[in-house]
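Asks: After the structure tokens below, expect a handful of questions from me.
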Amino acid sequence: MNVKSQYFVMLFKSVSYALKAEKILKQEELPHKLIPVPKHISSDCGICLRFEPAIQSKIVAALANKVEIEEIRELAN
Amino acid sequence: MNRNIIYFDNAATSWPKPEATIRAVETCLRETGGSPGRSGHGMSIEASRVIFNARDALSRLFSIDDPLRIILTKNATEAINIVVFGFLQPGDHVITSSMEHNSVMRPLRAMEEKGIELTILPCSAEGELDPGAFVPAIQKNTKAIFLTHASNVTGTIMPVADIGRIAREHGLVFCVDAAQTAGAFPIDIRATDIDLLVFTGHKSLFGPQGTGGIYIRKGLEQVISPLMRGGTGSRSEYEQQPDFLPDKFESGTPNTAGYAGLTAGIDFILSRGLNAITAHEKHLTELFLQGIGDIAGITIYGIKDTARRIPVVSFNVRDMDPATVSLELDERFGIMSRPGLHCAPAAHKTIGTYPAGTVRFSFSYFNTEEQIITAIEALRKMGK
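Going line by line, the protein sequences match chains A and B.
One point on numbering: in the numbering used here, the residue at position 32 of the first sequence is 32, and numbering is uninterrupted.
One point on numbering: in the numbering used here, the residue at position 327 of the second sequence is 327, and numbering is uninterrupted.
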């Protein structure tokens, strides 16, 4: 990929996990947004957490051992 | 209509609710809308937050590290049924007490017919349980202990710390029914050996009816089957139930507005301070027990020490039928009480009041000294 993705999305087992992550990231003041899971990423009817690639390591560290992450994907523009 | 009512039936359901509870239910119905965990649009995410906030508030109140270890149910009864029917297998042995509510006793009796062994440890006439009686009752096939945190008939607080230790030492699962204590008495999951904590939202947690839940200690969810299966909003491509918390045990659209109210109720408790609530209710109980202690025609049940009881008092007036006493209290004095067996026939057999039962007063943070004094005077008139 030549052009860097503007956003990454983090997928979880269920909405409850996403909300737990949201609470932690709010406390840590790491910018993020909960959005519906795009169809091309998963057929699951859920939400995922969108963030900028630059803060990926900070977000992963904040959630380590607290929220199980399914996967992190690039969000196609 | 409510001007002169004295509501002493908080052990059945608390009333009044904090204004914040009522407002939260209304706001949720009016503005939040949306199906939690289902659709992903803004209103659905907001509804999901309502549900998560309830878990979060409960985990703060009970000192639970992970809010996702709390399963939301419609009441304590549903929660107990999940544990009894999802966890116990024919051939298992279970120990419980003679002070249990039918919400515990009936599911256990039903499983007894399906092949579990049940030991019901007798309690004293004051409803006290001797922790020493547990160890001799443990068998090779003992799997779990089910124990009420406090009796809904006598208010007697059970020695859950001691029994928890015994359960831990013997590798037994310890399930505590906190229907009467959650929100009125401190419960610290980190500091105790409770594996499964069952609670209801509409009593001392000041939430609406139709709210409750279970805390499940890590790992136990794998050996408990759900009672119901269905849509969870997760893993939708699979036709099998998810195996993780909380989705495994939460199928179908929940009572979102109810949980909005429950969160507000818990926030109310935390803002006033649980200790302040416990102290006020203890004070009212002491005042009441002192006030009726010298009325000749009144028999009071349960232990005298208010440090070891919740604000629930069972009594009888002379040889009057409890139902007659309750009716008279209602019609003559506007006092709401609950007569009879309180869904706990074993407890009444234990204290010697079966089958007629007792009259029960149960106080809340919203009751006042003045109401207690009015009730004492009413009983003084009736005791003569």
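By construction, the Cβ of each residue, glycine as well, lies at the ideal position given by its N, Cα and C atoms.
Given that Thr232 (chain B) touches chain A, what residues does it touch there, using C-beta distances under 8 Å?
Replies: What Thr232 (chain B) touches in chain A: Ser14.
Asks: Where does the unbroken alpha helix (DSSP H) through Tyr259 (chain B) begin, and where does it stop?
Replies: Residues 256-272.
Asks: Measure the alpha-carbon distance for Pro36 (chain B) versus Ser44 (chain B) and round it to whole angstroms.
Replies: Roughly 5 Å separates the two Cα atoms.
Asks: Jot down the residue ranges of each uninterrupted alpha helix (DSSP H) in the region 327-383 of chain B, minimum 4 residues, whole runs only, in chain order.
Replies: Within the region 327-383 of chain B, the complete alpha helix (DSSP H) runs of at least 4 residues are 345-351, 369-383.
Asks: Looking at Gly212 (chain B) and Gly201 (chain B), is the spacing between their C-beta atoms short of 7 Å?
Replies: Cβ atoms of Gly201 (chain B) and Gly212 (chain B): closer than 7 Å.
Asks: Name the chain B residues whose beta carbon is nearer than 8 Å to that of Pro36 (chain A)?
Replies: Those within 8 Å of Pro36 (chain A) in chain B are Ser39, Gly40, His41.
Asks: Please state whether DSSP places Pro36 (chain A) in a helix, a strand or coil.
Replies: In this structure, Pro36 (chain A) counts as strand in the three-state DSSP scheme.
Asks: Mind checking whether Leu121 (chain B) and Ala133 (chain B) have CB atoms under 7 Å apart?
Replies: Result yes, Cβ atoms of Leu121 (chain B) and Ala133 (chain B) sit closer than 7 Å.
Asks: Helix, strand or coil: which one does DSSP assign to Ser314 (chain B)?
Replies: In this structure, Ser314 (chain B) counts as strand in the three-state DSSP scheme.
Asks: Tell me whether Ser124 (chain B) sits in a helix, a strand or coil according to DSSP, three-state version.
Replies: Coil.
Asks: Please confirm if Met1 (chain A) has its CB atom under 7 Å from at least one CB of chain B.
Replies: Bear in mind that a pLDDT of 47 at Met1 (chain A), under 50, signals an unreliable position, so the model cannot answer this.
Asks: Report the rounded CA-to-CA distance for Asp188 (chain B) versus Gly302 (chain B), giving the unit in angstroms.
Replies: Cα to Cα, the separation comes out at about 25 Å.
Asks: Helix, strand or coil, according to DSSP, for Arg217 (chain B) in the structure here?
Replies: Of the three classes helix, strand and coil, the one that applies to Arg217 (chain B) here is coil, per DSSP.
Asks: Would the beta-carbon of Ala137 (chain B) fall within 7 Å of that of Thr119 (chain B)?
Replies: Yes, they are a contact pair.
Asks: By the 10 Å Cβ neighbour count, where 16 or more other Cβ atoms means buried, how is Thr368 (chain B) classified, buried or exposed?
Replies: That one is exposed.
Asks: Identify whether Ile51 (chain B) lies in helix, strand or coil by the three-state DSSP scheme.
Replies: Helix at Ile51 (chain B).
Asks: If you draw a straight line from the alpha carbon of Asp65 (chain B) to that of Phe87 (chain B), how long is it in whole angstroms?
Replies: Rounded to whole angstroms, Asp65 (chain B) to Phe87 (chain B) spans 23 Å at the Cα level.
Asks: Check whether the Cβ of Leu262 (chain B) lies closer than 7 Å to any Cβ atom in chain A.
Replies: By this cut-off, Leu262 (chain B) is not an interface position.
Asks: Where does the unbroken beta strand (DSSP E) through Ser103 (chain B) begin, and where does it stop?
Replies: Segment 102-113 is the alpha helix (DSSP H) holding Ser103 (chain B); no beta strand (DSSP E) there.
Asks: Assign Met1 (chain A) to buried or exposed, taking buried as 16 or more other Cβ atoms, counted over all protein chains shown, within 10 Å of its Cβ.
Replies: Caution is warranted here: a pLDDT of 47 is assigned to Met1 (chain A), below 50, making its placement in the model unreliable, and the coordinate value is therefore given only provisionally. Looking at its Cβ environment, which holds fewer than 16 other Cβ atoms inside 10 Å, Met1 (chain A) is exposed.
Asks: For the alpha helix (DSSP H) containing Tyr7 (chain A), list its first residue and its last residue.
Replies: That residue, Tyr7 (chain A), is in no alpha helix (DSSP H); its beta strand (DSSP E) goes 7-11.
Asks: Only counting the same chain, and skipping five residues up and downstream in sequence, which positions put a Cβ closer than 7 Å to that of Gln209 (chain B)?
Replies: Cβ within range, chain order: Thr13, His202.
Asks: Report whether the distance from the Cβ of Glu221 (chain B) to the nearest heavy atom of the ligand ZN is below 6 Å.
Replies: The ligand ZN is not part of this structure, which contains no ligands at all.
Asks: Against chain B, does Ile69 (chain A) count as a neighbour if the rule is that its beta carbon must be under 7 Å from one of theirs?
Replies: For Ile69 (chain A), the answer is no, since every Cβ of chain B falls outside 7 Å of its Cβ.
Asks: Determine the chain B residues that contact Leu49 (chain A) at a beta-carbon separation under 8 Å, and present them in chain order.
Replies: None at all; the shortest Cβ gap to chain B is about 11 Å.
Asks: What residues match up with His93 (chain B) in a beta bridge as DSSP calls it?
Replies: Bridge partners of His93 (chain B): B:Glu117, B:Thr142.
Asks: Taking Cβ positions, are Val223 (chain B) and Ala347 (chain B) nearer each other than 7 Å?
Replies: Going by C-beta atoms, Val223 (chain B) is not nearer than 7 Å to Ala347 (chain B).
Asks: When the distance is taken between beta carbons, is Arg50 (chain A) closer than 7 Å to Tyr7 (chain A)?
Replies: Yes. Within cutoff.
Asks: 7 Å is my cut-off, CB to CB: does Lys20 (chain A) come that close to chain B?
Replies: Output row for Lys20 (chain A): interface = yes.
Asks: Following the continuous alpha helix (DSSP H) through Arg73 (chain A), name the residue where it begins and the one where it ends.
Replies: Counting along the chain, Arg73 (chain A) falls outside any alpha helix (DSSP H), though it belongs to the beta strand (DSSP E) covering 71-75.
Asks: 7 Å is my cut-off, CB to CB: does Asp247 (chain B) come that close to chain A?
Replies: Taking Cβ atoms only, chain A reaches closer than 7 Å to Asp247 (chain B), which makes this a yes.
Asks: Taking the alpha-carbon positions, what's the Gly46 (chain A) to Leu34 (chain A) distance?
Replies: When rounded, the distance between both Cα atoms is 10 Å.
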